[in-house]
Amino acid sequence: MKGVEWMTMKSKPTIKIIATGGTIVGAGSSNITTTGYKPGAVTIEELLEGTPNLNDFSNIEVEQLFNIEYDNGTFIEAE
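Numbered by this note's numbering, the letters in the sequence shown go through residues 342 to 420 in order.
See below:
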């Protein structure tokens with residue numbers, strides 16, 4: 342089957358993730374509300390903790406270049 346050749350390989354592929362922050366790593370005071378929401382609050386390591394089986398299929402390398410939020414078309418440094 343095309344696209345799954347890596348599944349029969351003896352070694353897992355290596356995936357490099359370069360993190361820059363933004364909405365995807367935001368956190369709020371609750372899972373169901375947006376109050377207290379803060380973009381760029383979570384590190385890439387914390388985000389990947391939600392996908393514990395990822396290392397079963399690949400070798401993951403991460404680098405947190407910076408952790409900034411993006412607000413209304415302007416980059417601002419996350420605290």
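We treat Cβ as the ideally placed atom computed from N, Cα and C, and that holds for glycine. All values derive from a computational prediction rather than experimental measurement.
In this structure Thr361 is in contact with Phe407, their Cβ atoms being roughly 6 Å apart against a cut-off of 8 Å. At a Cβ-Cβ threshold of 9 Å, Gly381 and Gly363 count as neighbours. If you draw a 10 Å sphere on the C-beta of Glu390, you find fewer than 16 other C-beta atoms in it, and that means exposed.
Here the alpha carbon of Asn400 sits roughly 18 Å from the alpha carbon of Thr384. Comparing alpha carbon positions, the residue from Asn396, Asn372 and Glu410 closest to Lys357 is Asn396.
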